[in-house]
Structures are given as C-alpha cells and as structure tokens.
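Worksheet: one structure, shown below.
Chains as they are written, first to last, in this note's numbering: chain A, 221 to 819; chain B, 21 to 312.
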C-alpha cells in the first residue's frame, strides 16, 4: 500500500503572469501527464497554426479555451520523489476571485507567480494578502518570464525587494523567491544555466521542502458538534455526538464541556465503523462519541476540555472580513454566519476600516463593504457562539457569511467584544424608551384583577409532562377567577411564525417573537403560560430581557439542563399533575403574584 | 493520519454536512467502484447506518451481475434502495442497442432523462421492500434537493472543475463559469426554492485511492472488475453494449493497484473503455444535460 504523503498547493497571481504555464510545466516535467496528452495538444496547436503553450494542457473545457482565461479552479495531480501533489489552479482574473479563494483555502502552500517583465500588479498584492488571511503560511514567489528580461539578476532583486516590502506591511514573510521561465523550463524541475547567479532551490525542490501542518493535534481540543445521531429505528440506541476534530486530542474518560450551553459530561466511547476499537481521536479525524450522561446538546456547539485553555463565547466580535458578494455588505441587514458547525443570524454592527488591496489604502469613512474589499469590522450574532480568535486557534476562528443563499464573504475573528451593549439590549432600551402606554397603570390592573401579571415558562425534556401541568395551572388559576392564558408554541408555528420556515435564523427569531409577545401579554395584566423544550441559559436570558420591564418565572421539570441559570422552581417529572400545579401556585403566592389559590 | 485517512475524513465530513443541511437528500449509486466506496463512506459517517436513500438508474442494459450485486447489498446493509427508469423509451425500443438512435442520445434518454425525472419525482420510483424482498412502487414523490454523486476530479477535464457542493438551477444546468466560493470547510448549503445542489464527497480521490481504500476496508465490489481467467476485466462499468473490457491479468485488488501505479494503465485514461465519451462533445455535453 502506498503511504505516500500528499499536499495541496495553489498557484496564484495576476492574470497572464503565467500560472497555467507553471502548472503545465510541473505536470510535463514530472511525467505526470496522461499518455499522448502532450503530443495531442502539440498536434492541435500545429493544426490551428498557433504556437504550443504549456498552459493549453490545462484547458480542459471548451469554453475555457474560447475565452482564453482559466475560469475556475482546476485540480491536477503530479508526483515528485518526496510526495504526491494536488495542484489547485486558481484563476488570476479579477472576476474569479471567489474561485481563487476556493482553491487557496484548501491549500497548505502556495506559489505566487509574478511576471518579472510586467512587475507587481493589483492581484499580485491582493492574492498575497488573501494567502495570509486564508491561513496559507508557506508562500514562495516565482518571478516568471525571466527570459523576457534577459535573465537579469537586477530585475529579479528589484522585484524581490519591492514585493518583500509590500508583504512586510501585512506581516507576511514569504518562504523564498525563485526566478523562473515556466515556458522555457528554467528553474522549474532543473536548475537554469542561464541564471547562474541564482543559488537557491528549483520550484520542485522548494515544494518538497514545504512541511505539512503537524501542530494542530498539540493544541487545545476543539470539536465543533456537527450533528447528533440516534438511529433508533435501525435498533441502535447509541446517542452519538458527531463531527470532525478541529484541533487537539480527546480520550475515553476525558471530561468535556459544551459551549455556549456550558453543559458538562465525559467521553464514554469513541465510536467508529469497521475499525479496531478506539481510545482516542485527534485533529483532522471525522469522529463520534457517546457521553457518560444523557445531556441535551445541539449541533453547532463547540466541545472542549475544561482543563485546557478555553475558547471565547460571545455575540459581538471584531473581525477581518473579505467580501465577494454581488451586493455590498451593509448595516442592519440580517445575514447568516457559519463558524465551525455553528450557524447564527448576524448583523454588521460597525465598519472600523476598509482596505483597498490594490493600492493598500485604508478608508475609515466607507458605509458599506463592497465586493473585493477587505475590511475590519464588528459583527454581532443574534445569540452567543463559541469561537477562538484566529491567533489562538485558526480552525475555529474562521467564518463565512451567507447572503441570499450564497456565501458572500469570509473572515477571521480578531477579538471578542461581548462585554459591550448587544444589539438586543440596545433594541430593548429603544423599545422601552418609546413605549406608548395606555391610561391604565399596571398597579390598577393588578388591583382590579386581584393578581399581578407574570410570564411563566415551563421547561424540561420533550414529553416530560410539562404541557399537562401548564394547562392544568391555567385551568386552576382560571377557576380561581384569574386571567391566565396558556399558549402552545406549535400554534405560533402555524400562525405568527408561519413565515419563518425559510428564515436564516428561524430559532432565534421565534424566540424573539415569543419574548415580544410575552411583553405585550404581561403588560395586559395576564398570567401568560407557555412551555419550551430544553431551554438553555441563553433562551431564558433572552426571554427575560425581551419581557422587561415585566417579570418572568421559570419552572424546570425533571433533569436540570441549565449550566448556570437557577430556575425559580424545580419540579420532579413523572409525578402527579395536581401536585406540580400546587407547587407552582404555592410559589406564586409566596411571590405575591396571586393572593390565594383554592384547589 | 495517512493520505487515505485524510481523504476518508474529508468525505465523511461532507456527507455529514449534507445530511445535516438537506431535508430531501439522496445518494446516486451506480454500482460501480466509486459510488460503492461512497456508500461505504456513508456507513463510516453514520456509524454503520445509511440514513440516506440510494438511487440507481436502471437502463436495463446493465450487466446482469451489477443488478444482482445491488439487490444483495441493498438487503444485507439495510439500504433504503430506490431505482428509476425511462420506461417509455424502453417500451418503444428507442435505444442504441435496438439500432434506433445513436449512443449519446441513448445515454441522454436512458440515463440523463430517467435520472432527472426520478429525482424530481415526476416518474415512478421503485423502492426495495425489505419484508417482501422485492421492489414496490414508492409513494414518496418529493423532489430531492440534495443529490450526492461519486464523481472524482481526476476522471476527466470537466469534473476537475467541480465544487464539493455544486448548485444546479431548476433546469439542471451547471454554470461552470459562476460557481459559489468554498471557504475552508464551509460549503454552499443554502439554496433558493426550485434549485438543487449536487454534493461530491469523492472529488479529491484518484482511481488509485479508490482501489487502495477498497483493499484497506475490504469493500466488496462487483467481480467484473477482476480478470476471472479470460485475461480481461472491466475498468469502468456501464451498459454492456457501450462498455468494453480491457485486457488485464489482474485478479485481485492489489494486482489492480499495481497495474495502475506502474503497470500498463498508469498512463491511460480510466474511461477509455466508454464508447460514448469518444463521440463528438462526449461527456461534457452529457454532463451539461444532467449526466453524472
């Protein structure tokens, strides 16, 4: 079995600076072309009376040949003595920036091609910066078309100095510069006799010297929960937490913490199919676990080890972003953020500055982020997510933004800013400042109703019996002459929330609408009762905030799934409904919401 | 992790991402080695289960052993197995083997058209009933919005341009020139109503990787891939009137791997035995019309 190492490399640079020629050369000079391919292309050139070019080897698609530019990322394969390479050809044409990103974000190393004759161009700079943001650490610069400048050392050194100075401004240090002529084959596979002044490696030698990223599994454990599987119908009772390890290592028996929910458990088993039993799993592996306790976790949480450095949890953060969307990124519009396995509704809160990559000028006055801009800005998600800053852990510090079904931008998190006022807090402040009240004060209402208003939320596992208790409470209060109202959340799905099916953050928006509704109903003096399956700390904090200035009362039934939040009342599940109801009624009396309650 | 571990992990990640994001998802199983490896990867991803329906387009010109193999493992692995067909064209004998149309048109009718209408739910779907151990007409007619396909980038030029998650509009059209970006491991999982997405978990695999993985995992494949004494074997499987065998002594998976690495096939394209590719326009024209 071949245990040969494999590396993804990307070739980037300005249009017409010779990327495809470099690739054609690499394929031809390593003997990696299919039999007869080179001859076929030469023959086709001869028939069409045009000079043969190595770039033609890549022009696999008809319309690509017609346009004469590489329109997309093509993959091709070649081998050296050291390992196998997958080349991702990234188009230089500015229209195809998103294809370049697609290619480069999968690469471990990059060759950045600059035409020695034409010099540094817009995309030479932009691509250099993109490599840095995309996390491609090993970049070698090829000064191509040296044959056009008479293999001049002076031209090469000038280009090297200029480009190094540019990269220094964005804190990038290239691995090396190599003078080449891809068309003639100089310094690609063999050292060029025409540039005897150059003492460095050939392109192939340089590629073989690049290293693969080995550090990831030594970093703190990070496991974005991709999904929870339970295939009960196939007679499998395992509840498996599935995902790919982003960094670090975890072993059977290790304590684990889920963020942002804050729930804790420990690894009971590492699950897999058709392998020997596993005791541990490390970065890069697509894994699955069972836990020692039955806790409710959701896809999108980040599983970490409590004993290791913790990730950030927050909903407001400073990021570096690059935008490739057709429409600009604007403030107060809802976008979808995908970070690790988390998805959240996100808004652009502030633009700190934008950078025009072509001339490296900063602007602090832009009101939007346009296509191909790189910007530093502040984003705010509708609910907290767990992440790392990019300097702490690259793989869990990257995100993309979805606008109108399309990935429109991507970026890295620079700083957690969650201590500041959130958009939600700001919204509630604005709402309350502008609330138009009627002439009846809430104390008057309470005195006529002979009870105060309250928002009562029952939570606990699905089917734990909380709805029966909630309805019985409503009935009991009603028979005692009180204005109580029970609302089943399913009614909202078919009514008030019927439009949310295709909403980018339907769960967040449902919660917001419920909170706003509670604010209105408690203002009307009602005891408003509802039930939520498995509410977490965030859900309750959000409802509490939205219901302000009115009061909320939280009753948890059965196992307590909150990480920090203390429910007002804990009721055992599986008990008699009447007992649970009198426990709640008792608390309402203590809290002076109601005066009396007769069964 | 060696290179097969890395390929496996990435494919599993893609399959899980597809399963998480697409409500109406299916996987195409051609019975060939690639999509069989993909099916195996699904069992890896879902810990021995395959919670995604498998769709096979039966042209009725498949080599009979392929169908036997399909049904055997559909039952053995508890697969939600579905097949579709172009019954109208078959009944009217509008096929290349019947001598009535050319190869490419035949492919278009029996494969592309059948696939399109089976995926959309316009034509009947036949589902394996595990109790009766036979196919019954499926009541589910919901269009599949996510279709998992086992294409590899190294197969042929147009396939090297694919994304892991590749959108198709309502007419199945693939706009090669304007594809969404894929940043790191974030893919296009949001799609407008009426469009669908093709998902390609095997994009980074080579033909040799496929065989190395079959060897490592001991995945059962159709015996047509091996020389069974006559000195010939199939390198790529399709309909028998249009698929030629190659001369080869390889009787085992390691012998096939050796043949690909250093032997007679190290520089010859895999689909060279597929006659339809040689026709004008070939595979690329077929793919634009929805061929997989």
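From the three backbone atoms N, C-alpha and C, an ideal C-beta is built for every residue, glycine too.
Contact set between residue i and chain B, taken where Cβ atoms lie within less than 8 angstroms
| i | result |
| --- | --- |
| residue 325 (chain A) | 202, 203, 204 |
| residue 319 (chain A) | 199, 201 |
| residue 446 (chain A) | 33, 36, 37, 40 |
| residue 630 (chain A) | 201, 203, 204, 206 |
| residue 306 (chain A) | 224 |
Chain-ordered neighbours of residue i on chain B, where CB pairs are closer than 7 angstroms
| i | result |
| --- | --- |
| residue 460 (chain A) | 67 |
| residue 471 (chain A) | None at all; the shortest Cβ gap to chain B is about 17 angstroms. |
Neighbourhood of residue i by C-beta, 6 angstroms cutoff - its chain only, sequence neighbours within 5 removed
| i | result |
| --- | --- |
| residue 532 (chain A) | 607, 636 |
| residue 515 (chain A) | 483, 485 |
| residue 329 (chain A) | 229, 358, 430 |
| residue 800 (chain A) | 689, 791 |
| residue 183 (chain B) | 199, 202 |
| residue 325 (chain A) | 354 |
| residue 268 (chain B) | 247, 253 |
Within chain A, the residues that residue i reaches when beta carbons sit closer than 7 angstroms
| i | result |
| --- | --- |
| residue 33 (chain B) | 464, 506 |
| residue 317 (chain B) | Residue coverage of chain B in this structure runs from 21 to 312, which leaves residue 317 (chain B) outside it and unanswerable. |
| residue 174 (chain B) | 297 |
| residue 63 (chain B) | 493 |
| residue 226 (chain B) | 297 |
Cross-chain neighbours of residue i in chain B, by beta carbon under 9 angstroms
| i | result |
| --- | --- |
| residue 225 (chain A) | 22, 23 |
| residue 322 (chain A) | 183, 199, 200, 201, 202, 203 |
| residue 556 (chain A) | 210 |
| residue 456 (chain A) | 67, 68, 69 |
| residue 210 (chain A) | Since the first residue of chain A shown is 221 and the last is 819, residue 210 (chain A) is not available in this structure. |
Three-state secondary structure assigned by DSSP to residue i
| i | result |
| --- | --- |
| residue 352 (chain A) | helix |
| residue 283 (chain A) | Since pLDDT at residue 283 (chain A) reaches only 37, below the 50 mark, its modelled position is unreliable, and the value read off the structure follows with that caveat. The answer is helix: DSSP assigns residue 283 (chain A) an H, G or I state. |
| residue 674 (chain A) | strand |
| residue 165 (chain B) | coil |
| residue 66 (chain B) | coil |
| residue 101 (chain B) | strand |
| residue 492 (chain A) | coil |
| residue 288 (chain A) | Because the pLDDT at residue 288 (chain A) is just 36, under 50, the model does not fix this residue reliably, and the value given afterwards should be weighed accordingly. Looking at residue 288 (chain A) - three-state DSSP - the assignment turns out to be coil, as it is neither helix nor strand. |
| residue 222 (chain A) | With a pLDDT of only 45 at residue 222 (chain A), under 50, the local geometry of the prediction cannot be trusted, and no value is derived from it. |
| residue 274 (chain A) | helix |
| residue 525 (chain A) | coil |
| residue 398 (chain A) | strand |
| residue 753 (chain A) | strand |
| residue 432 (chain A) | coil |
| residue 106 (chain B) | coil |
| residue 550 (chain A) | coil |
| residue 244 (chain A) | helix |
| residue 237 (chain A) | coil |
| residue 42 (chain B) | coil |
| residue 786 (chain A) | coil |
| residue 129 (chain B) | helix |
Chain A contact residues for residue i, given Cβ-Cβ distances below 8 angstroms
| i | result |
| --- | --- |
| residue 237 (chain B) | 494 |
| residue 29 (chain B) | 464, 504, 505, 506 |
Nonlocal neighbours in the same chain, by C-beta distance under 8 angstroms from residue i, ignoring five residues either side
| i | result |
| --- | --- |
| residue 264 (chain A) | 276 |
| residue 572 (chain A) | 538, 584, 595, 596, 597, 598 |
| residue 812 (chain A) | 672 |
| residue 160 (chain B) | 141, 145, 147 |
| residue 271 (chain A) | 265 |
Residues that residue i contacts on chain A, provided the C-beta gap is smaller than 9 angstroms
| i | result |
| --- | --- |
| residue 26 (chain B) | 226, 504 |
Same chain only: Cβ atoms within 7 angstroms of residue i, ignoring 5 sequence neighbours per side
| i | result |
| --- | --- |
| residue 65 (chain B) | 32, 35, 36 |
**OP:** Please list the residues of the region 258–273 of chain B that have a C-beta atom closer than 8 angstroms to any C-beta atom in chain A, keeping them in chain order.
**Re:** none
Original post:
Taking a cut of 7 angstroms between CB atoms, which residues from the region 348–380 of chain A lie near chain B?
Top reply: none
**OP:** May I ask you to list, following chain order, the residues of the region 608–627 of chain A that have a beta carbon less than 9 angstroms from some beta carbon of chain B?
**Re:** 615, 618, 619, 620, 622, 624, 625, 626, 627
Subject >> Under 8 angstroms (Cβ pairs) to chain B, residues found in the region 513–546 of chain A >> reply: 519, 544
**OP:** Can you give me, in chain order, the residues of the region 139–162 of chain B that have a beta carbon less than 8 angstroms from any beta carbon in chain A?
**Re:** none
Original post:
When the Cβ atoms of the region 656–668 of chain A are set against those of the region 543–556 of chain A, are three or more pairs found closer than 8 angstroms?
Top reply: no
Subject >> Residues of the region 92–119 of chain B whose Cβ lies closer than 9 angstroms to any Cβ of chain A, in chain order >> reply: 98
Original post:
Just checking, does the region 492–509 of chain A make contact with the region 561–569 of chain A on the three C-beta pairs under 8 angstroms criterion?
Top reply: no
**OP:** Specify whether the region 329–344 of chain A and the region 376–396 of chain A touch according to this definition: at least 3 beta carbon pairs, one from each stretch, less than 8 angstroms apart.
**Re:** yes
Original post:
Can we say the region 100–118 of chain B touches the region 56–64 of chain B, given the rule of at least three CB pairs closer than 8 angstroms?
Top reply: no
**OP:** Kindly confirm or deny that the region 677–695 of chain A and the region 750–770 of chain A touch, where touching means at least three C-beta pairs closer than 8 angstroms.
**Re:** yes
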